[in-house]
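Asks: Here it is, the structure in full.
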Amino acid sequence: MPKATIIYLVLVLLIYVYPLPTQPREIMETSLDYSNRASEIANHISNDSIKAYSLLLYTSYHYNKSNYDKAIEYALQALKIFEQKQLFIGIVKTNTLLSQIYQLRNDLPKAEKILTESIQLFPKVNDSKLKSIILHTLANVYGMQEKYTQALELDKQGLDLCTKENLVFFKSQFYDNMANCYMYSGKFDDAKKYFLQSLLIDSSFENKKQMSDTYLNLGNLSMMQKDYTQAKNHFLHSISLSEKSGYKQGKYQALALLSETYTHLSDHNNAMAALKNAYKIKDSIINEQSVSKIAEYEALYQTEKKEQQLKLQSAQLSKKNYLIGGIASAMALLILFGFTFYKKRQAQNKLQLQQEVIKQQEIATKAILEAEETERQRIARDLHDGVGQVMSAAKMNLSAFENELIFKDEQQKLSFEKVINLVDEGCKEVRNVSHQMMPNALLKAGLASAVKEFIDKIDSRVLKVNFYAEGLNERIDNNIEIVLYRVIQECVNNVIKHSGANQLHISLIKDKDGISATIEDNGKGFNANDKENFEGIGLKNIKLRVEFLKGTVDFDSYVGNGTLVAIHVPLV
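In structure tokens, the structure reads:
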């Protein structure tokens, strides 16, 4: 295999496997090395395609290093070749990088023009993720220019594309952009709705960095509404998540805004403490950037040194060296392919074993849950048809007997009536227990109606519950309805028993991807990082039931600042 072909294949691998412009550092350095070699070979054999792709990797390298003038220079050279060769995927990738550079430089009209031209090439490009990035970037550019109508229209196009191509992860960025558009145009309820949608997706992928940004945005939203207590809670969540993900810039922003929030709450001691912590983080970021810059100059020096050595060595190479290099490369590729095939077969066998274990676990879990639900239904029927009817008959007989008795005095009569009232209370209690074990609303009207009936029985003087449901007009699988009802019932009972909250927000949203549920209270919260807090039967049951439905559940709680339970269950 000719060396030029090998270099070309490596270039294509780097461009297509690792998304531009966010390549890992080690891949970025490899990109630069192969770009140097490819550029030399391209000039030697006059291969414009290799030259264009090497220029594109130069562009990505300098973009990540914030050398924007150099990045633009290489991008325009690459673009010229891609347009001459009509390599549309190369044109669109280069335009994406250029538009993001112009966006960072606040040259928004130029970024808008480039992105609009790229969208016109969509019919000739078969890359859904790249299309999604372009739509999101242009929507951002519109939003930065306060063109909210155009931005929201593009966000909806992006969501349709993500739904069609099953790009669930990318939906979050469109929901986030929509929420920001609504927030800055004063539509706060819509903004909160889409921030929560974004949060649900990011929590299902455990994307703590993006969740930190969303809580930061929710805090900003609460500050705009002058709800400083809620803003404080959101900023504390953002700080907690940014610490877990090592996101220093996000932590700095959240601490700075938290300081401002404490000032509004007249808590000047905490305001000063938050501001001091923010400055510490900022100093740390500046120090890291200085160290990184020194390392960058060192790497640049070493790269130039290696380039000079390569040029000296290449002048001494003969045809024999190229032949030996080609044979060695071919052998290396054969060994690599053989090893890859072996590892793939080994991984397949391991996966089959894991799938069988999971299948057996699912069968056992399903049997346990079905047995438990069957027993609940039997007990509910026995209570309603057996104990309930006996209690009702006892009340009727006592009431009839009351008319035949002659009481000594009024006190004796009152005592008898008290007995009848106790029997009546027992009847009601049996009925309530029976309905909780198998609610009629769940059997007749579905999940949303059953949850509403359940929370309507909660005393609003003790706990005010806000309930929102969307997309549940049609019935879903009975097993999913029952399991989700039990999970929500367990969560609400935990709030009543343990949280000390006086407000509870429950949302149920069904879309093409599945059902998402959030249960959020303003109670005392708990340490979600402490595994001992998850040893109780209640939380174990919640996780077991959601896993049975192949869903995810995320507990986000901070001591003194409430709890958020986010659940997502796919609909197959």
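FYI, the numbering for the sequence shown is 524 to 1095, going by the numbering used here. Glycine residues also receive a C-beta, built at the ideal position from the N, C-alpha and C atoms. Bear in mind the structure is a predicted one, so any value in this text is a computation, not a measurement.
1) Quick check: the Cα distance between residue 779 and residue 1041, rounded to an integer number of angstroms?
2) Which value, in whole angstroms, describes the spacing of the CA atoms of residue 1024 and residue 1047?
3) Tell me, please, which residues DSSP counts as bridged to residue 1091.
4) Apply the 10 Å Cβ neighbour rule to residue 854 and answer buried if 16 or more other Cβ atoms are within range, or exposed otherwise.
5) Who are the Cβ neighbours of residue 621 in its own chain at under 6 angstroms, not counting the five residues just before and after it?
6) Three or more beta-carbon pairs under 8 angstroms between the segment 1066–1077 and the segment 754–769, yes or no?
7) Give the straight-line distance between the Cα atoms of residue 748 and residue 789, rounded to the nearest whole angstrom.
8) Just how far apart, CA to CA, sit residue 483 and residue 592?
9) Does residue 685 pass the burial test, meaning 16 or more other C-beta atoms within 10 Å, or should it be called exposed?
10) Consult DSSP for residue 1026 and reduce its assignment to one of helix, strand or coil.
11) Using C-beta distances below 6 angstroms, list every residue in its chain close to residue 770, excluding the 5 sequence neighbours before and after it, in chain order.
12) Thinking just about the alpha-carbon of each residue, which of 670, 774 and 798 is nearest to the one in residue 785?
13) Specify the secondary structure class of residue 990 as computed by DSSP and reduced to three states.
14) For residue 1044, list the residues DSSP reports as bridge partners.
15) Just tell me which of 610, 759, 672 and 795 has its CA closest to the CA of residue 738.
16) What residues in its chain sit with their C-beta under 7 angstroms from that of residue 694, if we drop five residues either side in the sequence?
17) Considering only the alpha carbon of each residue, which of 655, 925, 1011 and 632 lies closest to residue 615?
18) Apply the 10 Å Cβ neighbour rule to residue 640 and answer buried if 16 or more other Cβ atoms are within range, or exposed otherwise.
19) Look up residue 983 in the DSSP assignment and give the residues it is bridged to.
20) For residue 714, I'd like the list of residues in its chain whose CB is within less than 7 angstroms of its CB, leaving aside the five on either flank, ordered along the chain.
21) For the alpha helix (DSSP H) holding residue 634, just list the boundary residues, first then last.
22) Contact check, residue 1065 vs residue 1076 under 8 angstroms by CB: the rounded distance?
23) Compute the Euclidean distance between the alpha carbons of residue 660 and residue 1089, then round it to the nearest angstrom.
24) Apart from the five residues just before and just after residue 776, which ones in its own chain have a Cβ nearer than 7 angstroms to its Cβ?
25) Under 9 angstroms, do residue 671 and residue 708 count as touching if we go by C-beta distance?
26) Compare the Cα-Cα distances from residue 1097 to each of 711, 690 and 719 and report the closest residue.
27) Select from 746, 647, 678 and 977 the residue whose C-alpha is nearest the C-alpha of residue 1009.
28) Use the C-beta contact count for residue 993: other C-beta atoms within 10 angstroms, 16 or more gives buried, fewer gives exposed.
29) Taking the runs of the beta strand (DSSP E) that are 3 residues or longer, which of them lie wholly in the segment 566–637?
30) Look up residue 655 in the DSSP assignment and say whether it is helix, strand or coil.
31) With distances taken from CA atoms, which of 991, 1000, 1015 and 933 is nearest residue 982?
32) Would residue 1039 and residue 991 be called neighbours here (beta carbons separated by less than 9 angstroms)?
33) Which residues mark the beginning and the end of the alpha helix (DSSP H) in which residue 1009 is found?
34) For my contact list, residue 578 and residue 601 are in at a C-beta cut-off of 8 angstroms; report their separation, rounded to the angstrom.
35) If we ignore side chains and look at the alpha-carbon of each, how far apart do residue 878 and residue 872 end up?
36) Go ahead and label residue 624 buried or exposed: buried means 16 or more other beta carbons lie within 10 angstroms of its beta carbon, across all protein chains shown.
Replies: Walking through what the data contain:
1) 28 angstroms
2) 7 angstroms
3) 1039 and 1075
4) exposed
5) 598 and 637
6) no
7) 17 angstroms
8) This structure does not reach residue 483, given that the chain is present from 524 up to 1095, and the question cannot be answered.
9) With 16 or more other Cβ atoms within 10 Å, it is buried.
10) strand
11) Taken in chain order, the residues that qualify are 732 and 735.
12) Nearest to residue 785 by alpha-carbon distance, out of 670, 774 and 798, is 798.
13) For residue 990, the secondary structure class from DSSP, reduced to helix, strand or coil, is strand.
14) 1027 and 1086
15) 759
16) 682, 685 and 724
17) Of 655, 925, 1011 and 632, the residue nearest in Cα terms is 655.
18) exposed
19) Paired residues: none, contrary to the question.
20) 702, 705, 706 and 744
21) 631–643
22) 6 angstroms
23) 28 angstroms
24) Once the five neighbours on either side are set aside, the close Cβ partners of residue 776 are 739.
25) yes
26) No answer is possible for residue 1097: the residues shown for the chain start at 524 and end at 1095.
27) With distances taken between Cα atoms, residue 1009 lies closest to 977.
28) Classification for residue 993: exposed.
29) none
30) helix
31) 1015
32) no
33) 1001–1017
34) 4 angstroms
35) Answer to the nearest angstrom: the Cα atoms are 10 angstroms apart.
36) The residue in question, residue 624, is buried, as its Cβ has 16 or more Cβ neighbours within 10 Å.
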